[in-house]
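> I have a structure here, written as C-alpha cells, and I will follow up with some questions on it.
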Amino acid sequence: MYIVDLLSPEEKTRYREVRAFLQSRIRAASIDYWNREEFPVELVAELGKYGLGALQTDGTSKLFKGLMYAEVARADVSLSALVGIHNELIVGMVDSLGSEEQKKRWLPGLNALTRIGAFALTEPDHGSDISGGLATTARREDDEWVINGAKRWIGAGTIADFALVWARDVADQQIKCFIVETDRPGYTATKIANKIGLRIMQNADIVLDEVRIPAANLLPGATDFSKANELLRDSRAWVGWQAAGIQLAAFDVARSYALSRKQFGRELARFQLIQQQLAEILGNASVSLALMAQLATIQQDGKLEMVQAAMAKSTTTRLARASVAMGRSLLGGNGISTDYEMGKLFGDAEILYTYEGSYEINSLIVARAVTGKSAFV
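Structure (C-alpha cells):
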C-alpha cells in the first residue's frame, strides 16, 4: 500500500536497513529463546546498536517509529513488546515527566538499551479497574518515600535496573509515580512462567515491602493518574503496530510454506482454499497498516485521543487473532510447532489481544464515545 513511501528519504533508508537486520538476525534467533522462556541479552544489545532504544527521543516521525514497532514484531513479538514499552512507557515517561537529574542519570543508558526499566502499574487484584482500585501505597517520611504493595504482569520486572512504580500517596490519595531501583531492600521480583505467548518477555510478580527511596525519586510530572492515562493512550496505539507486524509475519510464514509444501503432487499454493487464506491474511495486515498509518498522522498532529487508540488497538488485534488462526490452519499439523514459527505467532497473538487494555475494555471505550453511555459498571 506504499505506506513506507510516506517516510522521508532518510527514514526510508534507515527503515530498510533495520528491517534487513531484524529478518536476517533476530527472527530465527528468537525462536530458541522463546521456547526456553529466556531473555536474549545479546540480541537486545544489537537492537540498541540499531537505535531501537531511542525511537522516542531521536526526532523521527511517528510513522517511522510505528513502522519500526511493526518490523520488530514481524521478527519477534516479545522483543517488540520490550522495544515498545521501553520507548513509549519508560523513555517517554522519564523524558517528559522526569526531573533534569533523573533524565541525566537514566536517559543515556536507556537510549542505548544498556539500561532497562519496568512499568509497574497493574496489580494482582486490579487490572482493568486500576485507576480506581490501585492499592500500592507511598508514604513520605522526612527525605524518603516508603513504598508498599504488589504488582503483577510487569514486563522486564526481573531484569530491569529500575521500575516506574505507580502508588497512592496516603497523604492526599493521589496516584503518583516513583523510580524504584530494583536492588533496593524490600524489592523482590518473581518471574511468571509457563506463558503461552510473549515467552521471551520476563513478566514478573513484584512485591514492595517497606521499600525506601529518596524523595528525589518521585517523578515531578507524574503526580496524578491523568499522566498515566496519556501514556496508556500512546501505548495502546503502539500495540496496533505490533498487531500489524505479527500479521505480516503470519503472511511471510504462510506464503513460504504454501510455496514449498507439496500435497497430492503439487504445491499447497495451487489450491484455492490456500490462496483464499493467503489473500485474507494479507488483506487483514494491509487494513491494519493503513489504519495505523492514519493514526500516526493524527498522532503527529497532536490530535490522538483515547477512543482512537482504543479502536485501533481492538480492531488490529482482532484481525491479528484471525490472521494467525488462518495461518495455523494453513500449516496443518506443522502449525502447532514453533519449528515452523506459526505456533509461536499463534501464542503471541493472544497476548496482544489481551494486554494494554483487553479487547473488551477497548471496545467499551469506543462504544462509550459513540453512544455517550458507559457500560463499564
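Numbering (this note's numbering), first residue to last: 1 to 377.
Each residue gets a CB set at the ideal place from its N, CA and C atoms; glycine is no exception.
No experiment lies behind these values; they were computed from the predicted model shown.
#1: Identify whether K373 lies in helix, strand or coil by the three-state DSSP scheme.
#2: For R212, which three-state DSSP category applies?
#3: What are the uninterrupted segments assigned as alpha helix (DSSP H) that are 4 or more residues long and contained completely in the segment 88 to 123, given in chain order?
#4: Which residue's Cα is closest to the Cα of E400: A216, K195 and S288?
#5: Which residues does DSSP pair with G149 in a beta bridge?
#6: Give every residue of the same chain whose Cβ lies closer than 6 Å to the Cβ of A375, excluding the five residues on either side of it in the sequence, and list them in chain order.
#7: Apart from the five residues on each side of it in sequence, which residues of its chain come closer than 8 Å, Cβ to Cβ, to K12?
#8: When DSSP labels each residue in this structure, what does T136 get in the three-state scheme?
#9: For R168, name the three-state secondary structure that DSSP assigns.
#10: Which partner residues of Q242 appear in the DSSP bridge assignment?
#11: Thinking just about the alpha-carbon of each residue, which of S286, R255 and N284 is nearest to the one in F271?
#12: Please report the Cβ distance between H86 and I116, rounded to the nearest whole angstrom; I am assuming they are in contact, meaning their Cβ atoms lie under 8 Å.
#13: Select from Y69, L268 and W166 the residue whose C-alpha is nearest the C-alpha of I175.
#14: So what's T158 in DSSP terms, helix, strand or just coil?
#15: Give the straight-line distance between the Cα atoms of A45 and W238, rounded to the nearest whole angstrom.
#16: For L218, list the residues DSSP reports as bridge partners.
With the given structure in hand:
#1: Position 373 of the sequence shown, counting from 1, holds the residue named residue 373. Coil.
#2: As a first step, residue 212 is located in the sequence shown; it is residue number 212 there, counting from the start. Reduced to three states, the DSSP call for R212 is strand.
#3: 92 to 97 and 100 to 111
#4: There is simply no residue 400 to check, as the chain begins at 1 and stops at 377 in what is shown.
#5: Position 149 of the sequence shown, counted from the start, is the residue given in the question as residue 149. The partner list for G149 (beta bridge, DSSP) reads L208.
#6: As a working mapping, residue 375 is identified with position 375 in the sequence shown. Within the same chain, A375 has close Cβ partners L364.
#7: The residue labelled residue 12 in the question sits at position 12 within the sequence shown. If we look at K12 and ignore the five residues flanking it on each side, its Cβ neighbours are V4 and D5.
#8: For the purposes of this step, residue 136 is taken as the residue at position 136 of the sequence shown. Correct three-state label for T136: coil.
#9: By 1-based counting over the sequence shown, the position of residue 168 is 168. Strand, per DSSP.
#10: Position 242 of the sequence shown holds residue 242. Looking at the DSSP assignment, Q242 forms no beta bridge with any residue, so it has no partner.
#11: As a working mapping, residue 271 is identified with position 271 in the sequence shown. If we check each option's Cα against that of F271, R255 comes out closest.
#12: Mapped onto the sequence shown, residue 86 falls at position 86. Mapped onto the sequence shown, residue 116 falls at position 116. Confirmed, about 7 Å.
#13: Residue numbering aside, residue 175 sits at position 175 when the sequence shown is read from its first letter. Checking every option, the nearest Cα to that of I175 belongs to W166.
#14: For this step, residue 158 is matched to residue 158 along the sequence shown. T158: coil per DSSP, three-state reduction.
#15: Counting from 1 along the sequence shown, the entry for residue 45 is found at position 45. Counting from 1 along the sequence shown, the entry for residue 238 is found at position 238. Straight-line Cα distance between these residues: approximately 22 Å.
#16: Numbered from its first residue, the sequence shown carries residue 218 at position 218. Its beta-bridge partners are F178.
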